[in-house]
Amino acid sequence: MPKAEKIKKGKSNKEIHPNSRKASQISKSIHKQEKKQKQKEHLNERQKALREKLFWFKCEIEPVKDKYSLIEVSELILKYINRFEKRIDEIEKLNKLNEELGRHGQAHSAEYSALKLVREKETNLINDGCFEAPDITNRVVVKVLRDWSGELKDLPKIKLKCFKKMSTNCEDNILQQNSREL
Numbered sequence: 100m101p102k103a104e105k106i107k108k109g110k111s112n113k114e115i116h117p118n119s120r121k122a123s124q125i126s127k128s129i130h131k132q133e134k135k136q137k138q139k140e141h142l143n144e145r146q147k148a149l150r151e152k153l154f155w156f157k158c159e160i161e162p163v164k165d166k167y168s169l170i171e172v173s174e175l176i177l178k179y180i181n182r183f184e185k186r187i188d189e190i191e192k193l194n195k196l197n198e199e200l201g202r203h204g205q206a207h208s209a210e211y212s213a214l215k216l217v218r219e220k221e222t223n224l225i226n227d228g229c230f231e232a233p234d235i236t237n238r239v240v241v242k243v244l245r246d247w248s249g250e251l252k253d254l255p256k257i258k259l260k261c262f263k264k265m266s267t268n269c270e271d272n273i274l275q276q277n278s279r280e281l
């Protein structure tokens, strides 16, 4: 017949006083784990957003070009910023139709406000000189971007630059300001 398990006496059966050192150690470790988890989630969100942006640029670059000029880069960036314009127009037309028919409320209001917010944020980034895009003025980066499979582990291979809108009369020209690798 098997022996019954022995019950250990000691620390495991004792309750921990809330003001004790052990309680503070446990709360510190829990807080530390929660903080690490939040940092991991934030990093993953940023990497996914960057991955989507780079994937959009990968789809938009032409297969025959091996280098882009600053004017071509500025056109691509403006195209990227205005990528939701068609959907915003659809929602506005739908809301206008609802208004004409006497219906109350807005259709797709959450989506509409989110798209407007994204467009406004990206426009502010380019005006401030903080808009990051792949440096497709460099042949090597264009080749790496074409060969990129879309995996997060390959993100550091793609060199990014910060672009800024020029303060001259031409609003379409964008000047590269800073360069850094991710």
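100 is the number of the first residue of the sequence shown in the working numbering; add one for each residue after it.
Think of the CB as a built atom: it goes at the ideal place given N, C-alpha and C, for glycine as much as any other residue.
**Report entry** Cα-Cα separation between R279 and N237, rounded to whole angstroms
**Finding:** At R279, the pLDDT of 47 sits below 50, so the modelled position is not reliable; the number obtained from the coordinates is stated separately. Using only the alpha carbons, I get a separation of about 13 Å.
Report task. Count the other CB atoms, across all protein chains shown, that sit within 10 Å of the CB of C269; report buried if there are 16 or more and exposed otherwise. Result -> For C269, the predicted model reports a pLDDT of 46, less than 50, meaning its position is unreliable and no value from the coordinates is stated.
Query raised in the report: CA-CA distance, N272 and H141?
Result: Any answer about N272 is weak, because its pLDDT of 46 lies below 50 and its placement is not dependable; what the coordinates show is given next. Cα-Cα distance, rounded: 33 Å.
Query raised in the report: Can you give the Cα-Cα distance for A206 and K195, rounded to whole angstroms?
Result: 10 Å
Report task. Quick one: grab the DSSP three-state call for L244. Result -> helix
Query raised in the report: Is it the case that the Cβ atoms of A122 and I176 are separated by a distance below 8 Å?
Result: no
Query raised in the report: Helix, strand or coil: which one does DSSP assign to L259?
Result: strand
Requested in this report: Please state if the CB of L153 and the CB of I225 are separated by a distance shorter than 8 Å.
Outcome: no
Query raised in the report: What do you reckon, are the CB atoms on I180 and E133 nearer than 8 Å?
Result: no
Query raised in the report: Near S282, what residues of its chain come up, given a Cβ to Cβ distance below 7 Å and the 5 sequence neighbours on each side ignored?
Result: Nothing about residue 282 can be read from this structure; the chain reaches only from 100 to 281.
Query raised in the report: Between which two residues does the beta strand (DSSP E) carrying F154 extend?
Result: Taken as a continuous stretch (DSSP letters only), F154 belongs to no beta strand (DSSP E), being part of the alpha helix (DSSP H) at R120 to E159.
Query raised in the report: Since F230 sits in a beta bridge, which residues does DSSP pair it with?
Result: F262
Query - Reduced DSSP category for E210 - H, G, I as helix; E, B as strand; rest coil - result: helix
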